[in-house]
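Chemist:
4 protein chains.
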Amino acid sequence: MGRTAAVAGASGYAGGELLRILLAHPGIEIGALTAGGSAGTRLGEHQPHLLPLADRILAETSVDNLAGHDVVFLALPHGRSAAIAEQLGDDVLVVDCGADFRLADSAAWERFYGSPHAGTWPYGLPELPGGREALAGARRIAVPGCHVTTATLALAPAFDADIAEPDVVVVAVTGTSGAGKAPKPHLIGSEVMGSAGPYGVGGAHRHNPEIVQNLSGVAGTPVTLSFTPVLAPMSRGILATCTAPLKPGVTVQAARTTYERRLSAEPFVHLLPEGTWPTTAMTLGANTALVQVTVDEAANRLVAIAAIDNLTKGTAGGAVQSANIALGLPETTGLPLTGVAP
Amino acid sequence: MGRTAAVAGASGYAGGELLRILLAHPGIEIGALTAGGSAGTRLGEHQPHLLPLADRILAETSVDNLAGHDVVFLALPHGRSAAIAEQLGDDVLVVDCGADFRLADSAAWERFYGSPHAGTWPYGLPELPGGREALAGARRIAVPGCHVTTATLALAPAFDADIAEPDVVVVAVTGTSGAGKAPKPHLIGSEVMGSAGPYGVGGAHRHNPEIVQNLSGVAGTPVTLSFTPVLAPMSRGILATCTAPLKPGVTVQAARTTYERRLSAEPFVHLLPEGTWPTTAMTLGANTALVQVTVDEAANRLVAIAAIDNLTKGTAGGAVQSANIALGLPETTGLPLTGVAP
Amino acid sequence: MGRTAAVAGASGYAGGELLRILLAHPGIEIGALTAGGSAGTRLGEHQPHLLPLADRILAETSVDNLAGHDVVFLALPHGRSAAIAEQLGDDVLVVDCGADFRLADSAAWERFYGSPHAGTWPYGLPELPGGREALAGARRIAVPGCHVTTATLALAPAFDADIAEPDVVVVAVTGTSGAGKAPKPHLIGSEVMGSAGPYGVGGAHRHNPEIVQNLSGVAGTPVTLSFTPVLAPMSRGILATCTAPLKPGVTVQAARTTYERRLSAEPFVHLLPEGTWPTTAMTLGANTALVQVTVDEAANRLVAIAAIDNLTKGTAGGAVQSANIALGLPETTGLPLTGVAP
Amino acid sequence: MGRTAAVAGASGYAGGELLRILLAHPGIEIGALTAGGSAGTRLGEHQPHLLPLADRILAETSVDNLAGHDVVFLALPHGRSAAIAEQLGDDVLVVDCGADFRLADSAAWERFYGSPHAGTWPYGLPELPGGREALAGARRIAVPGCHVTTATLALAPAFDADIAEPDVVVVAVTGTSGAGKAPKPHLIGSEVMGSAGPYGVGGAHRHNPEIVQNLSGVAGTPVTLSFTPVLAPMSRGILATCTAPLKPGVTVQAARTTYERRLSAEPFVHLLPEGTWPTTAMTLGANTALVQVTVDEAANRLVAIAAIDNLTKGTAGGAVQSANIALGLPETTGLPLTGVAP
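For the record, the sequence lines run as chains A, B, C and D.
First residue of the first sequence? That's 1 in full-length UniProt numbering, and the numbers climb one at a time after it.
First residue of the second sequence? That's 1 in full-length UniProt numbering, and the numbers climb one at a time after it.
First residue of the third sequence? That's 1 in full-length UniProt numbering, and the numbers climb one at a time after it.
First residue of the fourth sequence? That's 1 in full-length UniProt numbering, and the numbers climb one at a time after it.
(1) On a CA-only basis, which of C/R56, C/V72, C/D55 is nearest C/V63? Give me that one, please.
(2) Following the continuous alpha helix (DSSP H) through A/P209, name the residue where it begins and the one where it ends.
(3) For a cutoff of 8 Å on Cβ pairs, would you count D/S11 as touching chain B?
(4) D/I305 and A/V201: beta carbons closer than 8 Å?
(5) Counting only beta-carbon separations shorter than 8 Å, does residue 345 of chain C have a partner in chain B?
(6) Can you look up D/V201 in the DSSP assignment and give me helix, strand or coil?
(7) Counting only Cβ-Cβ distances shorter than 7 Å, please list the residues of the region 159-192 of chain C near chain A, keeping chain order.
(8) Given a cut-off of 8 Å on the beta-carbon distance, is the pair A/S115 and A/G137 in contact?
(9) Need the endpoints of the beta strand (DSSP E) that D/L231 sits in, please.
(10) For A/K181, which residues of its own chain have a beta-carbon under 6 Å away from its beta-carbon, when the five flanking residues on both sides are left out?
(11) Could you tell me which residues DSSP puts in a beta bridge with C/V170?
(12) Jot down the residue ranges of each uninterrupted beta strand (DSSP E) in the UniProt domain "Semialdehyde dehydrogenase NAD-binding" (4-136) of chain D, minimum 3 residues, whole runs only, in chain order.
(13) At which residues does the beta strand (DSSP E) containing C/A289 begin and terminate?
(14) Alpha carbon to alpha carbon, how far is D/M282 from D/L290? Give it in angstroms, no decimals.
(15) Along chain C, in chain order, which residues have C-beta atoms closer than 7 Å to that of B/T243?
(16) Taking a cut of 7 Å between CB atoms, which residues from the region 228-241 of chain A lie near chain C?
(17) Kindly identify the DSSP beta-bridge partner or partners of B/H270.
(18) Span of the alpha helix (DSSP H) holding A/L327?
(19) To the nearest angstrom, how far is the alpha carbon of B/L50 from that of B/A83?
(20) Just the Cα atoms here: how many angstroms apart are A/T152 and A/I211?
(21) I need the straight-line Cα distance from D/P183 to B/L187, nearest angstrom please.
(22) Out of B/A142, B/T174, B/A54, B/H147, state which residue places its alpha-carbon closest to the alpha-carbon of B/H207.
(23) So for D/A304, helix, strand or coil by DSSP?
(24) Less than 6 Å between C-beta atoms, sequence neighbours within five positions excluded: which residues of the same chain meet that for D/T241?
(25) Consider the Cβ of A/G194: report whether some Cβ of chain C lies at a distance smaller than 8 Å.
(26) Which residue's Cα is closest to the Cα of residue 379 of chain B: B/A118, B/G339, B/N324?
(27) Do you know offhand how far A/A232's Cα is from D/L239's?
(28) If we count the other Cβ atoms within 10 Å of its Cβ and call it buried at 16 or more, is B/A8 buried or exposed?
(29) Can you find a C-beta in chain C that's less than 8 Å from the C-beta of B/V201?
(30) On the three-state DSSP scale, how would you describe C/R261?
(31) Note down, in chain order, all residues in the region 264-282 of chain C with a beta-carbon under 9 Å from any beta-carbon belonging to chain B.
(32) What residues of chain A sit near B/H49, judged by a beta carbon separation below 8 Å?
(33) Does chain B have any CB closer than 8 Å to the CB of A/G16?
(34) Which residues does DSSP list as the beta-bridge partners of C/R140?
(35) Please compile the residues from chain C whose C-beta is within a distance smaller than 7 Å of the C-beta of D/P330.
(36) Would DSSP call B/T338 helix, strand or coil?
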């Protein structure tokens with residue numbers, strides 16, 4: 001009530017999803033909307049689904065335009081956030097949907113992003129052990145990568161309970177919106193429809209070190225990761241199939257109980273009933289993560305699968321969830337629990 | 001506030017969409033959920049996207065289970081509504097998402113549905129001239145067919161202003177969810193994906209007489225209709241391309257002004273800025289209809305195109321919009337104006 | 001058999017489809033492959049589905065590289081073909097998949113393309129009355145636009161038999177590949193999937209005057225056309241729903257007989273059995289057009305619907321079919337009659 | 001030349017793909033087409049894309065109707081093949097696209113299929129070490145499961161060269177056509193489009209023991225497998241992401257050389273150029289498997305990814321390839337090397 005938020009990068013997919021959520025948020029009023037190349041145009045040209053904001057004109061992304069709000073959401077290309085955040089002052093909550101402040105390890109940052117490391121901000125994944133404490137009262141939040149949220153939510157309960165060996169294989173089927181709105185040859189509809197194909201194979205994806213960071217933190221020991229994202233013909237959604245060798249003696253019942261205990265109090269992470277597996281369609285437009293877990297006895301592996309909407313729980317919804325905590329609002333304020341299906 | 005609603009047919013697509021909307025409706029509390037063959041099962045088995053209701057058990061669709069609510073939404077197969085409505089009493093608002101009470105012409109009913117005509121209820125399209133008056137205080141509402149809503153919203157302004165000849169051609173591209181959840185060979189994903197195909201060609205579709213009824217009513221003269229629905233590879237959405245010969249002397253400016261005047265006060269029907277054409281993606285999950293109109297001078301035809309989400313504005317959202325009016329609530333209560341995109 | 005063909009524009013969708021067909025053509029050997037910006041790269045980078053040609057290096061599109069073949073297929077941007085064709089000599093068969101030489105009316109060309117008219121070549125639609133005669137021995141062929149082929153094949157039998165009034169409404173649902181491979185914001189997968197939207201509305205599409213040209217030619221009288229293409233979430237395929245007022249006294253049986261007579265000898269245009277309507281999936285990768293016709297008595301309209309694969313019968317297959325005639329080969333040589341489904 | 005083939009199960013997806021291939025096969029003539037519940041109907045009702053066979057009437061699937069051909073392709077539900085094969089005689093080549101005769105281990109069969117084991121036939125994967133020898137002159141062939149073909153082709157070179165530990169994780173993204181044509185609730189388009197979801201998780205999929213059988217055979221030691229198939233919104237295609245721990249000292253160059261050596265002579269399995277990863281779209285309708293391999297140094301894992309068309313190389317094309325060998329024809333006869341893209 002009375003809090004205002006600016007959104008930088010309002011013409012993109014993450015920016016549009018932030019606005020969709022904020023339009024329904026009772027505690028935050030939408031302030032300035034800014035963009036880069038699209039500054040000066042109507043928001044309706046870029047986000048025709050956001051009718052109530054259609055006639056708003058996009059301002060230039062600048063400190064001047066972003067200042068004076070209680071919250072500033074940044075949905076900018078990598079490397080742009082630090083300069084803006086510095087000038088916004090410590091009383092403003094800055095929530096960065098980009099990668100700049102996610103990694104604690106500068107060497108890992110430089111290896112994967114090829115530029116100097118900007119620093120590390122409080123990490124916007126409340127479901128991590130200690131996650132909410134780290135966010136309470138924070139004035140800076142680094143929103144996790146969408147693949148990172150999915151894989152971490154799927155496997156954190158297992159490593160927190162020490163039921164799996166720290167040698168993880170994740171294959172994540174993902175929609176195209178995670179790649180953003182800039183037109184590239186391999187992203188046009190004619191290429192995407194009817195096709196599944198991997199990218200960033202062999203440890204090359206930038207979300208790799210961030211998944212390792214999260215799972216190693218939870219496990220209390222370095223976790224090894226093989227991660228392969230696969231682009232599938234859908235706009236939204238990530239389905240991460242995650243496996244790891246079982247610690248000796250872990251039964252399917254024990255694995256399930258472990259997950260039940262750790263997830264029962266989570267407002268947005270739901271363990272599905274036994275025998276039901278998540279699909280991305282179940283989460284469309286919702287801030288939920290759906291999880292299921294089982295044990296493959298013959299392979300001696302834990303199999304945990306999570307589905308999220310990459311733009312909601314994976315980006316904009318997760319950002320608002322963490323912002324709610326930082327602002328002292330109830331964590332679920334304004335966040336959709338119901339998806340749009342079919 | 002204090003009003004309760006039962007939903008009959010809660011396991012289907014229309015029922016699920018009604019529940020998605022009602023979950024966010026501040027003036028209506030969700031009461032009994034009933035089903036036919038799925039009675040006794042968890043709602044979560046059928047609507048996994050509606051997490052807050054996942055553990056609700058579906059009751060049998062019966063008068064006993066539906067009685068005692070302020071509103072009863074019926075999302076049932078054709079021919080089932082009359083018997084239930086009769087026994088619910090006149091103080092209950094019964095909103096029928098099925099076809100039984102849409103048509104005024106018994107002969108047209110029998111020709112297209114092959115069964116005795118059940119009667120005619122107040123018609124749930126507030127945007128029709130006189131539409132809101134007919135719904136104020138109503139205790140029975142017949143929700144229009146989804147194709148009917150689309151074509152009527154696209155062309156009613158033209159016939160209301162008498163700028164087009166009553167000889168209409170409508171081709172409506174539609175997603176698959178309008179065909180419901182019952183598995184049929186031509187609806188499986190392998191057949192639908194990558195394919196566009198017509199159905200109900202040559203005047204055979206059941207929404208045909210209902211479109212004629214609406215447009216003839218607005219025009220004040222019998223309208224002739226050629227209607228072809230085309231199934232396209234998407235779950236939701238209808239895009240209706242509607243053309244009719246121009247009355248003499250109608251310019252594109254005049255056509256646009258006509259539409260602006262008639263739509264400017266509508267909360268859910270938006271005339272897009274000149275040069276922007278609607279897409280179904282702009283409306284996903286929203287109760288909005290997006291409209292654009294132009295004049296094809298060489299063909300001497302008005303071209304009006306409307307897009308809606310067939311399950312929201314086309315069914316469940318339209319039902320709640322009309323119910324709001326009947327209950328004396330603000331018409332827009334609880335209805336989403338923003339779609340989910342991309 | 002001894003004949004060689006060069007393909008200019010081999011890195012694009014039309015070029016790729018030409019090569020797919022020529023690889024299976026027993027009478028034509030593939031010679032030079034040329035491109036613009038992609039010259040110097042492996043074909044496999046652009047057409048990974050054409051394994052037998054993967055290691056061929058693309059040459060620059062130039063007269064030097066194209067000369068010395070019996071046939072030159074041009075799949076180039078508009079306006080590029082004339083200069084090349086002039087220098088290739090009259091003994092070479094030049095088949096232009098672009099628009100430059102399709103229209104007979106220079107004024108129509110300039111109105112729709114905004115550049116000087118290059119001329120008019122023999123028209124590559126053998127199914128038109130007199131179409132094969134015009135192509136026999138030709139050394140220049142203008143391949144029709146994909147929407148044009150669809151609409152013409154659907155309606156030519158009706159106008160040839162004079163059973164419909166010359167006032168046509170066509171709505172054509174089309175896949176994205178017709179828009180080519182150049183990445184544009186509205187064509188990326190995230191925008192296209194789950195969405196249907198019109199373009200070129202109100203007579204603005206460049207295929208408009210070409211459809212008028214064909215149908216007017218068959219009808220022997222000027223035909224009026226309202227044409228609306230609608231982009232749907234699929235890579236290939238056009239489904240054209242075409243209607244026109246009936247001439248007095250035309251019954252559904254008469255319409256069907258008319259189509260049967262005119263299509264029974266066509267190798268690639270098939271009238272489906274009564275009650276079966278075409279879908280685009282039935283034609284994927286085949287050089288076939290599937291047609292169905294009926295009469296809407298209430299609307300007094302003929303409804304004819306045709307489906308093709310826009311890249312095969314709509315572009316590359318049609319080009320090879322016409323080239324076969326011009327070269328004196330059996331018309332069906334090397335052309336697929338069977339689609340790939342599901 | 002002169003050889004005839006009958007296809008049992010001609011109305012299904014595997015049957016349709018067999019016919020599409022056989023129509024272009026110069027050494028096999030199509031004989032009887034049989035079906036179960038669809039006997040007596042036109043093939044065109046079920047396979048409208050196979051125009052040249054549209055008017056063929058389906059016979060009852062019976063020994064009488066199948067006898068008298070040189071080859072009988074069975075595309076039947078599990079458990080139906082043994083009785084037919086027994087009565088067809090040893091001079092007939094019987095190619096079973098079903099599972100009945102794939103497994104050597106009766107206990108594994110009974111565990112996964114729940115019925116008595118029918119036996120073991122020569123295995124239709126020529127690319128296995130010794131695979132062609134086993135098929136030469138065979139009169140019975142068991143065609144592998146589609147997931148099995150994909151995973152085996154991806155990993156066989158590694159195990160044949162002993163560069164990976166026998167502890168495999170496979171996640172296979174697959175289109176819907178592998179689930180067949182029978183309509184089921186979770187397979188309708190509205191459920192499938194826009195969604196990715198796993199099935200048969202935790203070792204429950206029937207292709208599990210068959211992958212283990214193949215890889216263990218190649219490795220010469222028991223291989224452990226974690227296999228998760230994921231349904232994606234596309235009709236055709238399987239993309240299998242396969243990883244296994246590296247044997248000590250294996251570099252990416254060594255892995256690549258290993259694959260090059262083992263695949264260079266294969267007519268249908270192609271190792272893509274370095275840095276290019278397979279997509280399913282590259283294989284649509286082709287009998288090819290596209291493979292790429294790399295080493296994830298941080299995870300110490302080999303990552304091999306293969307893409308096929310599940311109906312072509314994964315079923316019908318693989319069946320014809322093996323039949324060619326058994327009949328003494330060149331292995332590639334009549335098999336498409338070029339896919340249909342985009």
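In this text, a Cβ means the ideal position worked out from N, Cα and C, and glycines have one as well.
Modeler: Taking the geometry as given:
(1) In the third sequence, the residue the question calls residue 63 of chain C occupies position 63. Comparing C-alpha distances from C/V63 to each of C/R56, C/V72, C/D55 shows the shortest one belongs to C/V72.
(2) Here the question's residue 209 of chain A lines up with position 209 in the first sequence. 208-219 is the span of the alpha helix (DSSP H), which, as asked, contains A/P209.
(3) As a position in the fourth sequence, residue 11 of chain D is number 11, starting the count at 1. No, D/S11 lies away from the interface with chain B (no Cβ there is under 8 Å from its Cβ).
(4) The count along the fourth sequence starts at 1 and reaches residue 305 of chain D at position 305. The count along the first sequence starts at 1 and reaches residue 201 of chain A at position 201. Yes, these two residues count as a Cβ contact at 8 Å.
(5) Within the shown structure, residues of chain C are numbered from 1 to 342, placing residue 345 of chain C beyond reach of any answer.
(6) Within the fourth sequence, numbered from 1, the residue matching residue 201 of chain D stands at position 201. Residue state for D/V201 is assigned as coil, using DSSP reduced to three classes.
(7) So the close ones are T176, S177, K181, P183, K184, P185, L187, I188, G189, S190, V192.
(8) Translated into the one-based positions of the first sequence, residue 115 of chain A becomes position 115. Translated into the one-based positions of the first sequence, residue 137 of chain A becomes position 137. No, they are not a contact pair.
(9) Taking the first residue of the fourth sequence as position 1, residue 231 of chain D is located at position 231. It spans 224-231 - the beta strand (DSSP E) in which D/L231 sits, taken as one unbroken run.
(10) Here the question's residue 181 of chain A lines up with position 181 in the first sequence. So the list reads G12, Y13, once near-sequence residues are dropped.
(11) As a position in the third sequence, residue 170 of chain C is number 170, starting the count at 1. Bridge partners of C/V170: C/F227, C/C242.
(12) Runs of the beta strand (DSSP E) inside the UniProt domain "Semialdehyde dehydrogenase NAD-binding" (4-136) of chain D: 28-35, 71-74, 93-96.
(13) As a working mapping, residue 289 of chain C is identified with position 289 in the third sequence. The continuous beta strand (DSSP E) containing C/A289 extends over residues 289-296.
(14) Counting from 1 along the fourth sequence, the entry for residue 290 of chain D is found at position 290. Counting from 1 along the fourth sequence, the entry for residue 282 of chain D is found at position 282. Answer to the nearest angstrom: the Cα atoms are 8 Å apart.
(15) As a working mapping, residue 243 of chain B is identified with position 243 in the second sequence. The contacting residues are V169, S226.
(16) Those residues of the region 228-241 of chain A that come within reach of chain C (Cβ to Cβ, closer than 7 Å) are P233, M234, S235.
(17) The residue you call residue 270 of chain B lines up with position 270 of the second sequence. B/H270 pairs with B/L290.
(18) Residue mapping note: residue 327 of chain A aligns to position 327 of the first sequence, counting from 1. Taken as a continuous stretch (DSSP letters only), the alpha helix (DSSP H) holding A/L327 covers 317-327.
(19) Locating residue 50 of chain B in the second sequence gives position 50, counting from the first residue. Locating residue 83 of chain B in the second sequence gives position 83, counting from the first residue. For B/L50 and B/A83, the distance between alpha carbons rounds to 29 Å.
(20) If you number the first sequence from 1, residue 152 of chain A lands on position 152. If you number the first sequence from 1, residue 211 of chain A lands on position 211. In a straight line, the C-alpha of A/T152 is about 7 Å away from that of A/I211.
(21) To locate residue 183 of chain D, count along the fourth sequence from 1; it is residue 183. To locate residue 187 of chain B, count along the second sequence from 1; it is residue 187. Taking the straight line joining both Cα atoms gives about 8 Å.
(22) Residue numbering aside, residue 207 of chain B sits at position 207 when the second sequence is read from its first letter. Selected option, being the one with the closest Cα: B/H147.
(23) Here residue 304 of chain D refers to the residue found at position 304 when the fourth sequence is read from its first residue. Of the three classes helix, strand and coil, the one that applies to D/A304 here is strand, per DSSP.
(24) Along the fourth sequence, one-based indexing puts residue 241 of chain D at 241. For D/T241, where only same-chain residues beyond five positions count, the Cβ hits under 6 Å are V171, I305.
(25) Mapped onto the first sequence, residue 194 of chain A falls at position 194. For A/G194, a Cβ of chain C is located within less than 8 Å of the residue's own Cβ.
(26) Shown here, chain B extends from 1 to 342; a query on residue 379 of chain B therefore has no answer.
(27) Against the first sequence, residue 232 of chain A aligns to sequence position 232. Against the fourth sequence, residue 239 of chain D aligns to sequence position 239. Whole-angstrom Cα-Cα distance: 10 Å.
(28) Mapped onto the second sequence, residue 8 of chain B falls at position 8. B/A8 is buried by the Cβ-count criterion.
(29) Taking the second sequence and counting its residues from 1, one reaches residue 201 of chain B at position 201. At least one chain C Cβ lies under 8 Å of B/V201.
(30) Walking along the third sequence from the start, residue 261 of chain C turns up at place 261. Three-state DSSP puts C/R261 in a helix.
(31) W277, P278, T279, T280, A281, M282
(32) Indexing the second sequence from 1 puts residue 49 of chain B at position 49. Under the 8 Å cutoff, chain A gives A281, M282, T283, L284, A286, T338, G339, V340, A341.
(33) Translated into positions along the first sequence, residue 16 of chain A becomes position 16. For A/G16, the answer is yes, since a Cβ of chain B falls inside 8 Å of its Cβ.
(34) In the third sequence, the residue the question calls residue 140 of chain C occupies position 140. DSSP output for C/R140 lists C/V94 as bridge partner(s).
(35) Stepping through the fourth sequence from its first residue, residue 330 of chain D is reached at position 330. Those within 7 Å of D/P330 in chain C number zero; the least Cβ separation is about 15 Å.
(36) Mapped onto the second sequence, residue 338 of chain B falls at position 338. DSSP places B/T338 in strand when its eight states are reduced to three.
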